[in-house]
Every structure is written in structure tokens, then in C-alpha cells.
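Read the structure below first, then the notes.
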Amino acid sequence: MHHPLIKPAKTKEVRFFGPHGIEGKKVEDYARFFPTINDSLTITGEATPGYMFFPEVAEQIKSLMPENNFKMVAIFREPFDRAVSAYHFVRSGRMHPPKDTFLETITHEIETFRNCTQQQMKQKRLAAGAILNETLEIEHGMFCYQAIT
Numbered sequence: 067m068h069h070p071l072i073k074p075a076k077t078k079e080v081r082f083f084g085p086h087g088i089e090g091k092k093v094e095d096y097a098r099f100f101p102t103i104n105d106s107l108t109i110t111g112e113a114t115p116g117y118m119f120f121p122e123v124a125e126q127i128k129s130l131m132p133e134n135n136f137k138m139v140a141i142f143r144e145p146f147d148r149a150v151s152a153y154h155f156v157r158s159g160r161m162h163p164p165k166d167t168f169l170e171t172i173t174h175e176i177e178t179f180r181n182c183t184q185q186q187m188k189q190k191r192l193a194a195g196a197i198l199n200e201t202l203e204i205e206h207g208m209f210c211y212q213a214i215t
């Protein structure tokens, strides 16, 4: 369903902010992703789940739009459902399809996670170049780490 006073971004996941930084970017660059709003009641926004993985995003938003009135809302999905959904998304061929079953993938990721520090996991995400290029189903559902960083 769609509320008539909420207009989504032109692209669901804008991915404007993140580890690549915002140097040289302006509010106008970000505004291009959104529809023109001609009244004071209508709102717009975006949905980029990857922002949760990079602590610098909140500061980037604040530095780019210090005068603007904006709200950040985080919606957490049930971790197991999120992991299953991500696994099937990757298997659909849009990304790098896993060769293992869901159970094998999760088991491997538990071992990887058990043997990595939080800093190593962050480096692994950055090296992947994009959040889901190297799926970490378990880690993506561990919202406590993302919410405190």
C-alpha cells in the first residue's frame, strides 16, 4: 500500500552515503533522487539498508544537511527471515550465487564470524565493495553491532 502523502525516492536504495564518503557532494546531488514536493504535508525518503553497516553515515548526513529537518528511521527485520531472504536473493542470480545450501552457508558464516573481530568484519565488507557482494547472512542480522557503532 502507498500513502498519498508519502512519495518514495526515485530509486529504492539510493546508496548516496557510505564508506566512499561524500566529499564534493552537495544537497542538490542528493535531492535528485527524490520527487519534487510542492506542499508542506507530503514527505519523501529512501530505504538503503546498507547504511546500517557504516557508522559514518549518520555523520555524513548531518554534515551534508545541517540546516534541514530530517529524521532517520531504522526498521529491523527478524534476523532469521532476513537471512533466508538474502540467501534466496543471492541464489536468484542477481549477485554471486552461492554454491552451498542455506545450512552450509550459515554454518560457514558462523565459523567465519566466530574467528573474526568486528574490525575484521568491517574490513571484509569494505573489501567486498558492496554490502551483498559477499553475503554475510548471519552478520547482517546482528543488528546490535550495527546499532551501537
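For the sequence shown, position 94 (counting from the first letter as 1) is numbered 160 according to our numbering, and the numbering increases by one without interruption. All C-beta atoms in this analysis are idealised placements derived from N, C-alpha and C, irrespective of residue type, glycine included. All values derive from a computational prediction rather than experimental measurement.
Query: Thinking C-alpha only, which one of Y117, G87, F136 is nearest G111?; Result: F136
Query: Specify, as a first and last residue, the run of the alpha helix (DSSP H) that K73 falls within.; Result: Careful: K73 lies outside any alpha helix (DSSP H), inside the beta strand (DSSP E) at 72-74.
Query: Determine the direct distance from the alpha carbon of R157 to that of D166, and round the result to whole angstroms.; Result: 10 Å
Query: For the stretch 114-132 and the stretch 74-86, state whether three or more C-beta atom pairs, one from each stretch, are separated by less than 8 Å.; Result: yes
Query: Would you kindly report the start and end of the unbroken beta strand (DSSP E) that includes T110?; Result: 109-111
Query: Do the CB positions of T173 and Y153 come within less than 8 Å of each other?; Result: no
Query: May I have the straight-line CA-CA distance separating T77 from Q126, to the nearest angstrom?; Result: 20 Å
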